[in-house]
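Protein chains in written order, with our numbering: chain A, 1 to 450; chain B, 1 to 489. Built from N, CA and C at the ideal position, the CB exists for glycine as well. Predicted model, so just to flag it, every value in this text is computed and none were measured. See structure below.
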């Protein structure tokens, strides 16, 4: 109690707080107070020291046992074969990725505001930006966004700044998971979003140009759009063309620069990042260099030090919230550095040949599976031109198909009944062996209408 | 050798034919590939062998300071120890390998953790509801601002277009408010470091949507005017948003919801130890009072009568903040941390953090200027104003000289309202011995400022790079290996 002679501290000793009660008493005496409570006297007395209704401390052993039981309640891909994609994909992650990204120097450092003691992070970010530029064939890339969907939303905001317009056209079948986020992040900006198919837009020549067109390539249902049509779209007027893509697809197929895209965004997760129930992931964001001053997020640049040695710094920071406050290009404050590093190490390991090989492997496996499924009575392939993911229609509701598959240790595809009657979206990667695929096909062949 | 080799980029290490990963076999019949015109001709990625890649990244990593190696008293960033146990638990296959779109019945364990964490965070902050959807503190701020907007519009009050933000706030506050369509009104801080009540009264009116307040503030001070601030805003129909960046200072000491905050976010990577990762990933939970529950971001986790968990969209939700359900990996780490410490340990965090900061305040108040000479919370803001006037050495020089002593610099020149600011946040995970070393080092450096100022002007001396030319980087951007610069010597 205040006024008492004995100095008062909490007697509980946690493993993460090195100062013992005895040391703390000494420190309080140096500070010149009788009790730790005096250090909180600025808090209105009525509300000071509320009861916290929390469980008691748990030991490492007990907690691991308890949470491992909870984790085991989930059906885990690996124990199950999985054909689920729709924006997050299960690809193989070489051991090196985890080993490197678990290094304390990368994992427990902060945003590289002090470049002299952050060259490791900065150089790795520079490698990331470089590889994202190669992958997308764009001139500049930032150091990473929260995820693919927020990258897409930030691209829309950026295009509206560049063209000083508030009209946005979403073209064709873009993932609803992405359009939902675009809607959230633009709801207070006055931006008006419309949805059209590409044919309608190309036929109509009287409309005022929007700030941007947003396409997804391949689209949500896996369909790869016609490149000549996309060229026409990008050349139609001065609207920017924003392309939402996927990194494994970009490793094999014609790049968006072929049809003159202005901004390319993608979910980086397929490259070295665990599924982890949806996050943390890293959004890729690349564009033409003309728009560099309107980019959101962190950017690392090369420079020299006072002894003329090459080094790296965060640059073009006058775009950012910590300098520009309410006039910043975005409120974003992270580059999701560690996740971007996972993708960086992944791309370094797979390299030029590996990415080509893996993407073709996904192609072969998915096309093998699609052809077999298309031959099953009652099933029909709904995507014509695809890479690793395709839509099928089933003879009975997808929910029932998936329940049957789950009983047989398979996590089935994503239910897209709101796009296609009894529609299912299946993703097939190098993680799905022929045996798994054949097993899926056997089980699907047993699915029949009642 | 060290510098020339270590700085060579991957592309410059690439030699045709080297491979960095083994390739799985093709076990299906080969399919016809698409016409060449659909395929890319070249993918310019490096060709480097696996062991070379490991050595490269391991080597460059050593150019970093990190919490595991260094005292890192970066004010406002809460660079505390990140328990290793949390990483192990987040890595359990049942958490780390599950797909975000799996059927609800197959991810009940994941939802159970999220449901518990929602409740724990609501309990700690004295709020009624939580969404774990925002993927960072700044995204939680944006979610909060969008909820304030939605709340007023739902009451058909369309006049409220302004958000008041003190001048000591993080830059994300005004940036987030603007993204939510608000006009930002900045108000000054009074001479004691509290919200200037007169200034506040002058700007509050029927167009005020709300106030964003960091409590304790970025000056490391608990605003003693808080109850009046709440009254002024509430009586005008505005809402109060709490930036929880400094939640580490008040865990178990006060619940923001009880003193009148309507919303508060928590940076789970600060207070609840998700590793900072060289700039992310973070996670931002948003907690709200009863009147805002229906507006929470999508999704929240709910539990039904038979204890089955589900993802739900609140009735008037502002919508989705990301493609999926938030940064689950960070949520598991936060949960594991809170459960390890439990009630007693959580109570200790703020006590120990505040003792450590006040200890530094007392021990260094005669060495550096102390602009706000009062009990501080978890961090303390010093100023190098006098030293600059006397010896021409500024806060930047002192910060850079600390590096020579293996200490990460404090936050410099923030908050913006303090001249030559050095914002020091020791956190609770540092020992008295470390703090004593820091105190002695700062005293030594301030002595050097007097006797050998050039030692500070040219610091740091032993890092891979000396001070870097940031102006050149911005003037002539070289942002990838397609356009790097030749080393000048």
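Examine chain B for any beta-carbon lying closer than 8 Å to the beta-carbon of residue i, and answer yes or no.
i	result
residue 448 of chain A	no
residue 147 of chain A	yes
residue 404 of chain A	no
residue 223 of chain A	no
residue 436 of chain A	no
residue 261 of chain A	no
residue 389 of chain A	no
residue 195 of chain A	no
residue 430 of chain A	yes
Grab me the residues of residue i's own chain with a C-beta within less than 7 Å of its C-beta, minus the 5 sequence neighbours each way, in chain order.
i	result
residue 332 of chain B	89, 90, 95, 113
residue 489 of chain B	Confidence is the limiting factor: at residue 489 of chain B the pLDDT is only 33, short of 50, which leaves the residue's position unreliable and the question unanswerable from this model.
residue 388 of chain A	248, 362, 363, 366, 427, 428, 429
residue 421 of chain A	393
residue 11 of chain B	46, 481
residue 485 of chain B	Note on residue 485 of chain B: pLDDT 47, under 50, position unreliable in the model; no value is reported.
residue 132 of chain A	141, 284, 286
Does the beta-carbon distance from residue i to residue j come in below 8 Å?
i	j	result
residue 300 of chain B	residue 314 of chain B	yes
residue 8 of chain B	residue 49 of chain B	no
residue 354 of chain A	residue 332 of chain A	no
residue 381 of chain B	residue 357 of chain B	no
residue 385 of chain B	residue 459 of chain B	no
residue 261 of chain B	residue 233 of chain B	no
residue 444 of chain A	residue 376 of chain A	yes
residue 359 of chain B	residue 27 of chain A	yes
residue 81 of chain A	residue 436 of chain A	yes
residue 150 of chain B	residue 295 of chain B	yes
residue 343 of chain B	residue 21 of chain A	no
residue 287 of chain B	residue 423 of chain B	no
Can you name, in chain order, every residue of its own chain whose Cβ lies under 6 Å from the Cβ of residue i, other than the five neighbours on each side?
i	result
residue 151 of chain A	145, 265, 283, 285
residue 8 of chain A	35
residue 428 of chain B	349, 352, 353
residue 3 of chain A	Here the model assigns residue 3 of chain A a pLDDT of 46, short of 50, so the residue's position is not dependable, and the following value carries that caveat. None.
residue 153 of chain A	181, 182, 185
residue 236 of chain A	none
residue 221 of chain A	173, 383, 391
So, with DSSP's three-state summary, where would you put residue i?
i	result
residue 468 of chain B	strand
residue 333 of chain A	coil
residue 301 of chain A	strand
residue 274 of chain B	coil
residue 423 of chain A	strand
residue 130 of chain B	strand
residue 342 of chain A	helix
residue 375 of chain B	coil
residue 461 of chain B	coil
residue 281 of chain A	coil
residue 93 of chain B	helix
residue 246 of chain A	coil
residue 19 of chain A	coil
residue 165 of chain B	strand
residue 195 of chain B	strand
For chain A, is any of its Cβ atoms less than 8 Å away from the one on residue i?
i	result
residue 300 of chain B	no
residue 102 of chain B	yes
residue 429 of chain B	yes
residue 401 of chain B	no
residue 128 of chain B	no
residue 118 of chain B	no
residue 451 of chain B	no
Could you name the residues of the same chain whose beta carbon sits closer than 8 Å to that of residue i, not counting the 5 residues immediately before and after it, in chain order?
i	result
residue 119 of chain B	130
residue 262 of chain A	159, 212, 234, 240, 241, 242, 287, 288, 291
residue 115 of chain B	301, 302, 303, 309
residue 83 of chain A	410, 411, 412, 413, 426, 427, 428, 432, 440
Taking contact to mean 3 or more Cβ pairs, one atom from each stretch, closer than 8 Å, check whether the region 430 to 445 of chain B and the region 362 to 376 of chain B are in contact. yes
Do the region 73 to 92 of chain A and the region 323 to 343 of chain A make contact, defined as three or more Cβ pairs closer than 8 Å? no
Tell me whether the region 286 to 303 of chain A and the region 312 to 321 of chain A touch, counting them as touching only if at least three CB pairs, one residue from each stretch, are closer than 8 Å. The answer is yes - the region 312 to 321 of chain A touches the region 286 to 303 of chain A, with three or more Cβ pairs under 8 Å.
Are the region 77 to 89 of chain B and the region 260 to 277 of chain B touching, with three or more C-beta to C-beta distances below 8 Å? yes
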